[in-house]
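To keep things clear, I will list the structure first and then write my remarks on it.
Number of protein chains: 2
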Amino acid sequence: MSTTESFKLHEMLEADTVFIKDLPLCRLVLMNNANHPWCILIPRVEDVVDIYQMDWQDQQQFLNESSMLSEVMMQLFGGKKMNVAALGNICPQLHVHHIVRFEQDIDWPHPVWGRSEIVHYSTQQTQDIKAKLLNALDAIVK
Amino acid sequence: MSTTESFKLHEMLEADTVFIKDLPLCRLVLMNNANHPWCILIPRVEDVVDIYQMDWQDQQQFLNESSMLSEVMMQLFGGKKMNVAALGNICPQLHVHHIVRFEQDIDWPHPVWGRSEIVHYSTQQTQDIKAKLLNALDAIVK
Chain B
0 MSTTESFKLH EMLEADTVFI KDLPLCRLVL MNNANHPWCI LIPRVEDVVD IYQMDWQDQQ
60 QFLNESSMLS EVMMQLFGGK KMNVAALGNI CPQLHVHHIV RFEQDIDWPH PVWGRSEIVH
120 YSTQQTQDIK AKLLNALDAI VK
Chain S
0 MSTTESFKLH EMLEADTVFI KDLPLCRLVL MNNANHPWCI LIPRVEDVVD IYQMDWQDQQ
60 QFLNESSMLS EVMMQLFGGK KMNVAALGNI CPQLHVHHIV RFEQDIDWPH PVWGRSEIVH
120 YSTQQTQDIK AKLLNALDAI VK
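From first to last, the protein sequence lines are chains B and S. Its first residue numbered 0, the first sequence is counted upward by one per residue in numbering that gives the first Met the number 0. Its first residue numbered 0, the second sequence is counted upward by one per residue in numbering that gives the first Met the number 0.
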């Protein structure tokens, strides 16, 4: 894979998220927004802004990590639907949203971006979600 | 692959789009909205609502078709950024948006859904875009 040791999370993502784990290709972070179970995968590769620009091997590894994360999140949070989206019109570092949606959530059935005011997790809530995610992921990947 | 001959496009997608081509896994359609170059891939498989639920072989083929389409659209339309998104909170048939974004487009830098009034293509415009897409795709896949 083409991951680089010099990888640095973009400051916009750094400000809005909590570190969970480095998977083989991607950094996994939790969006600090209690409105939705919302994770983001950031491939630790350089000079790409869209998925199709990655090496084919990296694209396949991305798919692998994205699907694993989707399945884990749906199992943990029991939602109605996954929303998976690579937008990146504002933050130029390639990052892919993974959001569990519920028919009762604050933005349903609309996309979540730019609609509702962000509600930050408490430190305890963040620790609890991180522990749940790591427990589920560590059973699958090292 | 798990494509079924009995595949039928959901009536919501049927109403909003124009048929372009059946790729090996997905039906490719053009969103009838002149605000954005906007295609949708619909895997012709049954009983899945999220990408991670497809067989692994189908997921890889989906990635293949999605990346090929992204590259072709960026070459044809010369945009700033691809937006690739599987949402599906309203239409339950798995479908993945592929949208070319420009810094000058009507919704930039926001996501496109639910913001601006839809502007339909003329018949001639639809034919022209379909011809461009088919010409580029037929050079890659049969």
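Every residue, glycine too, gets a C-beta built ideally from N, C-alpha and C. Remember, it's a predicted structure, so these values are computed and weren't measured experimentally.
Residue i beta carbon near the ligand NAP (any heavy atom closer than 6 angstroms)
{"i": "valine 95/B", "result": "No copy of the ligand NAP appears in this structure; indeed no ligand is present at all."}
Assigned secondary structure, residue i (DSSP; H/G/I helix, E/B strand, else coil)
{"i": "isoleucine 98/S", "result": "strand"}
{"i": "tryptophan 112/S", "result": "coil"}
{"i": "leucine 133/B", "result": "helix"}
{"i": "threonine 3/B", "result": "coil"}
{"i": "aspartate 104/B", "result": "coil"}
{"i": "aspartate 15/B", "result": "helix"}
{"i": "asparagine 63/B", "result": "helix"}
{"i": "isoleucine 41/S", "result": "strand"}
{"i": "valine 28/B", "result": "strand"}
{"i": "aspartate 57/B", "result": "helix"}
{"i": "aspartate 21/S", "result": "strand"}
{"i": "tyrosine 47/B", "result": "The displayed chain sequence assigns valine, not tyrosine, to residue 47/B. Coil at valine 47/B, not helix or strand."}
{"i": "asparagine 118/S", "result": "Checking the displayed sequence, the identity of residue 118/S turns out to be valine instead of asparagine. Reduced to three states, the DSSP call for valine 118/S is coil."}
{"i": "valine 140/S", "result": "coil"}
Residue environment, residue i, which counts as buried when at least 16 other CB atoms sit within 10 Å
{"i": "tryptophan 55/B", "result": "exposed"}
{"i": "methionine 11/S", "result": "exposed"}
{"i": "serine 69/B", "result": "buried"}
{"i": "leucine 145/S", "result": "Lying before the first or after the last residue shown, residue 145/S is absent from chain S, which here runs from 0 to 141."}
{"i": "arginine 114/S", "result": "exposed"}
{"i": "leucine 133/S", "result": "exposed"}
{"i": "alanine 84/S", "result": "buried"}
{"i": "glutamine 58/S", "result": "buried"}
{"i": "isoleucine 139/S", "result": "exposed"}
{"i": "isoleucine 89/B", "result": "exposed"}
Euclidean distance between Cα positions of residue i and residue j
{"i": "lysine 7/S", "j": "leucine 8/B", "result": "42 angstroms"}
{"i": "tryptophan 112/S", "j": "histidine 35/S", "result": "11 angstroms"}
{"i": "proline 42/S", "j": "valine 99/B", "result": "21 angstroms"}
{"i": "aspartate 142/B", "j": "proline 110/B", "result": "Lying before the first or after the last residue shown, residue 142/B is absent from chain B, which here runs from 0 to 141."}
{"i": "leucine 29/S", "j": "tryptophan 37/S", "result": "6 angstroms"}
{"i": "leucine 86/B", "j": "isoleucine 39/S", "result": "15 angstroms"}
{"i": "threonine 2/B", "j": "valine 44/B", "result": "5 angstroms"}
{"i": "glycine 77/B", "j": "glutamate 102/B", "result": "11 angstroms"}
{"i": "aspartate 127/B", "j": "serine 5/S", "result": "45 angstroms"}
{"i": "methionine 67/S", "j": "glutamate 13/B", "result": "31 angstroms"}
{"i": "proline 91/B", "j": "lysine 79/S", "result": "11 angstroms"}
{"i": "asparagine 31/B", "j": "methionine 81/S", "result": "25 angstroms"}
{"i": "isoleucine 19/B", "j": "threonine 125/B", "result": "10 angstroms"}
{"i": "glutamine 123/S", "j": "aspartate 15/S", "result": "17 angstroms"}
{"i": "arginine 26/S", "j": "aspartate 46/S", "result": "16 angstroms"}
Whole-number beta carbon distance between residue j and residue i, since they are thought to touch under 8 angstroms
{"i": "valine 17/S", "j": "lysine 129/S", "result": "7 angstroms"}
{"i": "histidine 161/S", "j": "methionine 72/S", "result": "Given that chain S is displayed from residue 0 to residue 141, the structure contains no residue 161/S and the question cannot be resolved."}
{"i": "leucine 22/B", "j": "methionine 0/B", "result": "About 11 angstroms; that fails the 8 angstroms criterion."}
{"i": "alanine 135/S", "j": "leucine 75/S", "result": "6 angstroms"}
Would you check if there are 3 or more beta carbon pairs closer than 8 angstroms linking the stretch 57–72 of chain B to the stretch 102–122 of chain B?
Not touching, per the Cβ criterion.
Tell me, please, whether the stretch 48–61 of chain B touches the stretch 106–126 of chain B by the rule of three or more beta-carbon pairs shorter than 8 angstroms.
Counting C-beta pairs with one atom in each stretch, the stretch 48–61 of chain B and the stretch 106–126 of chain B have fewer than three that are closer than 8 angstroms, which means they do not touch.
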